[in-house]
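Just remember that the numbering used here sits 399 ahead of the position in the sequence shown, which is counted from 1.
Beta carbons: idealized from backbone N, C-alpha and C, even for Gly.
A quick write-up on the structure given underneath.
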Amino acid sequence: MRRLAEHSGIPGHIYPLALLCHDIMPPPPQVEREVGEKRVISFHGAGLSVAPEISFADIITASKNPEEAKEVYTQAFYNSVTEQYNVLKSAIHGQQGLKASIPSVSLSQPWG
Numbered sequence: 400m401r402r403l404a405e406h407s408g409i410p411g412h413i414y415p416l417a418l419l420c421h422d423i424m425p426p427p428p429q430v431e432r433e434v435g436e437k438r439v440i441s442f443h444g445a446g447l448s449v450a451p452e453i454s455f456a457d458i459i460t461a462s463k464n465p466e467e468a469k470e471v472y473t474q475a476f477y478n479s480v481t482e483q484y485n486v487l488k489s490a491i492h493g494q495q496g497l498k499a500s501i502p503s504v505s506l507s508q509p510w511g
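Right, here's the structure in full:
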């Protein structure tokens, strides 16, 4: 993704994103060969979290080795998405709602 953004010709920005919506329409228990498999849809909470942009340029200037910078960049994204996802799970599955927020992941609702 980073390379695509760098070589696109226009400025690109990449943000860590976590989406929790699996319980609304989970995959069927087994794969069907036929078209039109039955999918069970349920009412369930969903969550979306977007963290601040992580800049590869900032990471590579702090690192002497390009391979190390790639690893640090990838790990930073993984850690951010994992942290966001865990907060969303606490809010929805743990029924904590907005109280599941932590200093680095602040949950809010755009309505009421």
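Annotation: the continuous alpha helix (DSSP H) that includes residue 479 extends over 465-491. In the pairwise beta carbon analysis, the stretch 466-484 is classified as not touching the stretch 422-437: fewer than three pairs are separated by under 8 Å. Two segments are said to touch when three or more pairs of C-beta atoms, one from each, lie closer than 8 Å; by this definition the stretch 493-501 does not touch the stretch 415-431.
Counting only residues of its own chain and dropping the five nearest sequence neighbours on each side, residue 427 has a CB closer than 6 Å to the CB of 436. A direct Cα-to-Cα measurement between residue 418 and residue 444 gives close to 11 Å. Residue 460 and residue 425 have their C-alpha atoms spaced approximately 42 Å apart.
Within the DSSP bridge table, the entry for residue 501 names 504 as partners.
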